[in-house]
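Asker: Chains A and B, in that order, give the protein sequences. Sequential numbering of the first sequence, starting at 1, is according to the working numbering. Sequential numbering of the second sequence, starting at 1001, is according to the working numbering. First, the structure itself, so that you have it in front of you.
There are 2 protein chains.
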Amino acid sequence: MDSKSKKGKSVSPLAPKSFPELPVIRGVEFASGAAGVKYKGRTDVMLARLAPGTAIAGAFTKSSTRAASVLDCQAKLAGKQDLSQGAAIIVNSGNANAFTGRNGQDSVDKVTGGVASVLSIPRSRVFSSSTGVIGEPLPADRITAIIGDLGANLSEDGAAAAANAIMTTDTFPKGAKASFKAEGGTINIVGIAKGSGMIAPDMATMLVYIFTDAMVEPGLLQRLLSKQLETTFNAITVDSDTSTSDALILAATGKSEAEPITDMRSATARAFTKALGEVMTDLAHQVVKDGEGATKFVEVNVTGAASVQDAHRVAMAIANSPLVKTAIAGEDANWGRVVMAVGKSGAQADRDRLTIRFGDMILAENGWRAPSYDEAAASAYMKQDHLVLGVDLGLGKAKRTVWTCDLTHGYIDINADYRS
Amino acid sequence: MDSKSKKGKSVSPLAPKSFPELPVIRGVEFASGAAGVKYKGRTDVMLARLAPGTAIAGAFTKSSTRAASVLDCQAKLAGKQDLSQGAAIIVNSGNANAFTGRNGQDSVDKVTGGVASVLSIPRSRVFSSSTGVIGEPLPADRITAIIGDLGANLSEDGAAAAANAIMTTDTFPKGAKASFKAEGGTINIVGIAKGSGMIAPDMATMLVYIFTDAMVEPGLLQRLLSKQLETTFNAITVDSDTSTSDALILAATGKSEAEPITDMRSATARAFTKALGEVMTDLAHQVVKDGEGATKFVEVNVTGAASVQDAHRVAMAIANSPLVKTAIAGEDANWGRVVMAVGKSGAQADRDRLTIRFGDMILAENGWRAPSYDEAAASAYMKQDHLVLGVDLGLGKAKRTVWTCDLTHGYIDINADYRS
């Protein structure tokens, strides 16, 4: 009931100029194909095979109505990982396998079982994601019917094709990379993602798959991942609607010649953290830039809050406010609506200590409009497609940055469409 | 910076067929005029004079960046009321006198001082509200310049004109009434309200003025008012954006021949509570029906929640979800998005215990689509302009009803307009 057809949508005006050249990650191979999950002839399944030794970490939607595949991944990651075995990730679009009752888990078992069988790995090492329509049973048989072909066509160079295969309402494929020299060798990180509408990640987001050749054991890998979530995928919102199906999987194959990462405080761990953060930030921003109907990419910086929780509340209140987002769409430097959003956030705020900046311009301070306020300059600034809104609460030291997009007719077109 | 021009907007398709015939409330007189607060020639000031003996109660926005007039009303209601004196309410549109620093309180003092002087009552008995642009100083002199004229033109029959005078982006004036026979005489209640965008009342809402001839002392009046807020003005949302300026004032003149209301448990108190609730519900619904761009009036009923707080969270998550609201605009019986909203609400929910109804039809239960699901019937239902969405969580006994409207191109048109 919630498929989103592409309908010849034009590419977001905020899309990157080109898809990055992604390095091969040794130990990872990709294949994609058309199973006809919802539409015949559409590439709707992606398979990634991971060599034995690969450690897996994940982060998933906190939605209390989360989908079957999410529950399955979480269960599999809760236990000890058998690194002697290979692993796999299988992703389908066209059907989210969400709110499908017991049928949901049965479908997951069928699909992951099919992969386990074709790749000769335990089903406990097969992670699945489904995206698309909510509430309709997953046609698992159509997926299992092509797994044999996918298994026969795996390729180390398949990351770009994989990024395309996982798209649904996206108007451009999303990829990011980082590499750095460590003791003994180079470590590479590659990430692909999908997501545009139904985006307000609360722990882990739309579909994101990150691969690295670093050697890191699962527990440490999970900690390194979790550290980066707050400032990346948990700091974006398109429309405040958190999906039932969002998932991020990070797989570390250990095939790099660099020394293993065993200690969070080592130089390699710190470099890895930084590189991973760059890849996650890049992908998170791309997801926002592909927000349904988006024409503006907006950074909201809140500083001077009494607590981090308050800083987050204020940032999200601004980023999710329909009135702020429509003003931005209209290129209106409407700081009054930002004041309103601060006020509604529930965070501690003192009107007379508030400072509001758009770009470098202070528009309001000390409880009212700034003496230096220049409407022409403010309006000119709003014409840019990357905007920075700054709010200082003047009450403490806590801060938070989140990213969002504007709210336009495009969003209504896409989402008020019958059966979209 | 946040004026909303009327721009020849058509009347909401959800507007009542006609404005009600409002009975005179003895002890209340109205006048309205054009001060030129923002636009010359537009009726933008309303004055209500209340006879000595009038008890006042109020409810105001919880916004932490609330406007000067709100702070002033709250301060005046915090102390003991001098019922030997008359009272007054003065309302202007065109400027919210919000985020105007110290100038804000000065303007309030000027305006209320002007009224106090012309009507020979203490300034502590003059309550003001301002609505419109945020962040620009209130041109108090223009308002004080016409108070003399207003004072000379007060009329008991002026409620309908007053309802018109307080409109800003409203497409229709909002009035409601209730009367009942009590021991000794009839008690009448009349209410007028304004509000369309920037609506997500968190304690008291847009501008609402309710007058009654009942005799009730201030403390009891405040308690009777507060009891009705949760199920009326705190149970509506248009766009989740809580204003800086919302205010409700309830004035009881005591001029009815009915016995005074002195005890919450008396028959008269119970009848008054019921009548007051009807007037507040009627006005709250009218505000939603005038939501910017609204074409659908939607009731969201949540039942079976583990706590009232959870029931409220779920109801508001659904009522504020852009994806649910656009689906409704598109007349799409998209219950999958309702599942998503339940999941993101943060309330306790169990996917397998959820039941979702649109009107009388069960669309989903026991964790998946209902066997009785009939897409044609569901789609036909969505064409109505009054819709009821029911969600039973199956976890407890708590329930909550809220009302909202859809999200359409009209909302974007109005709010993405430069300087609207």
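We put the beta carbon where it would ideally sit given N, CA and C, even for glycine. Being a predicted model, the structure only gives us computed values, none of them experimental.
1. Please report how far the alpha carbon of B:Pro1020 lies from the alpha carbon of B:Leu1354, in whole angstroms.
2. Does the Cβ-Cβ distance between A:Leu77 and A:Gly58 come in under 8 Å?
3. With DSSP as the reference, label B:Ala985 as helix, strand or coil.
4. In angstroms with no decimal places, state the Cα-to-Cα distance between B:Ala1015 and B:Leu1022.
5. Within this structure, are the beta carbons of B:Trp1403 and A:Gly135 separated by less than 8 Å?
6. Whose C-beta lies closer than 7 Å to the C-beta of A:Leu395 among residues of the same chain, with five residues either side of it excluded?
7. Tell me which residue opens and which closes the beta strand (DSSP E) that B:Asn1095 is part of.
8. With a threshold of 8 Å on Cβ separation, who are the neighbours of B:Pro1122 within its own chain once the five nearest residues in sequence on each side are excluded?
9. Classify B:Gly1148 as buried or exposed, calling it buried when 16 or more other Cβ atoms lie within 10 Å of its own Cβ.
10. Between which residues of its own chain and B:Lys1344 is the CB-CB distance below 7 Å, once the five residues before and five after are set aside?
11. So, is the C-beta of A:Leu323 closer than 8 Å to a C-beta in chain B?
12. Under the DSSP definition of a beta bridge, which residues are partnered with B:Arg1400?
13. Using the Cα positions of B:Asp1413 and B:Asp1406, report the straight-line distance between them to the nearest angstrom.
14. Between A:Met340 and chain B, is there a C-beta pair that is closer than 8 Å?
15. Does the beta-carbon distance from A:Val216 to A:Gly191 come in below 8 Å?
16. Using the Cα positions of B:Lys1289 and B:Ser1012, report the straight-line distance between them to the nearest angstrom.
17. Whose Cβ in chain B lies nearer than 9 Å to the Cβ of A:Ser107?
18. At a CB distance below 9 Å, what residues from the stretch 72-105 of chain A approach chain B? Give them in sequence order.
19. Cα-Cα, which of B:Asp1282, B:Ala1251 and B:Gln1228 is closest to B:Thr1273?
20. Drop a sphere of 10 angstroms on the beta-carbon of B:Gln1309, count the other beta-carbons inside from all chains shown, and report buried for 16 or more, exposed for fewer.
21. Quick one: measure Cβ to Cβ for B:Ser1069 and B:Ser1130, integer angstroms, because I've assumed they're closer than 8 Å.
22. Could you list which residues in chain B have their beta carbon closer than 8 Å to that of A:Leu407, in chain order?
23. Measuring alpha carbon to alpha carbon, tell me which of B:Asn1164, B:Gly1184 and B:Met1340 ends up nearest B:Ala1267.
24. Are the Cβ atoms of A:Ile189 and A:Lys177 separated by less than 8 Å?
25. Ends of the alpha helix (DSSP H) at A:Ile412?
26. So what does A:Trp335 bridge to, in DSSP terms?
27. Between which two residues does the alpha helix (DSSP H) carrying B:Ser1155 extend?
28. Anyone know if the C-beta pair for A:Gly336 and A:Arg357 falls short of 8 Å?
29. Measuring CB to CB, does A:Lys399 end up less than 8 Å from A:Ala311?
30. To the nearest angstrom, how far is it from the Cα of B:Ala1193 to the Cα of B:Thr1168?
31. Interface residues of chain B around A:Thr441 at Cβ under 7 Å?
32. In chain order, what residues of the same chain lie with their CB nearer than 6 Å to the CB of A:Gly421, ignoring the 5 residues before and after it?
33. Which runs of the beta strand (DSSP E), 3 residues or longer, sit entirely within the stretch 1230-1315 of chain B?
34. May I ask you to report which of helix, strand or coil DSSP gives A:Ser124?
35. What is the DSSP secondary structure of A:Asn320, counted as helix, strand or coil?
36. Please work out which residues of its chain come closer than 6 Å, Cβ to Cβ, to A:Thr112, disregarding the five sequence neighbours upstream and downstream, and give them in chain order.
Answerer: In short:
1. One C-alpha to the other measures close to 41 Å.
2. yes
3. Nothing in the structure corresponds to residue 985 of chain B, since chain B is present only between 1001 and 1420.
4. 17 Å
5. The answer is no: Cβ separation not under 8 Å.
6. Gly304, Ala305, Ala306, Gln348, Asp350 and Arg353
7. Annotation: the continuous beta strand (DSSP E) that includes B:Asn1095 extends over Ala1087 to Asn1095.
8. Asp1082, Gln1085 and Ala1116
9. exposed
10. Ala1317
11. yes
12. B:Val1302
13. 14 Å
14. yes
15. no
16. 7 Å
17. Correct list: empty, because the minimum Cβ distance to chain B is about 12 Å.
18. Ala96, Ala98, Phe99, Thr100, Gly101, Arg102, Asn103 and Gly104
19. B:Gln1228
20. exposed
21. 5 Å
22. Pro1322, Ile1412 and Ala1416
23. B:Gly1184
24. yes
25. Counting along the chain, the alpha helix (DSSP H) containing A:Ile412 begins and ends at His409 to Asn415.
26. Paired residues: none, contrary to the question.
27. No alpha helix (DSSP H) holds B:Ser1155; DSSP gives it neither H nor E.
28. Cβ distance not < 8 Å, so A:Gly336 and A:Arg357 don't count as in contact.
29. yes
30. 11 Å
31. Residue 441 of chain A lies beyond the residue range present for chain A, which begins at 1 and ends at 420; the question has no answer from this structure.
32. This structure cannot speak to residue 421 of chain A, because chain A is shown only from 1 to 420.
33. 1247-1252 and 1297-1305
34. helix
35. helix
36. Arg123, Val126 and Ser128
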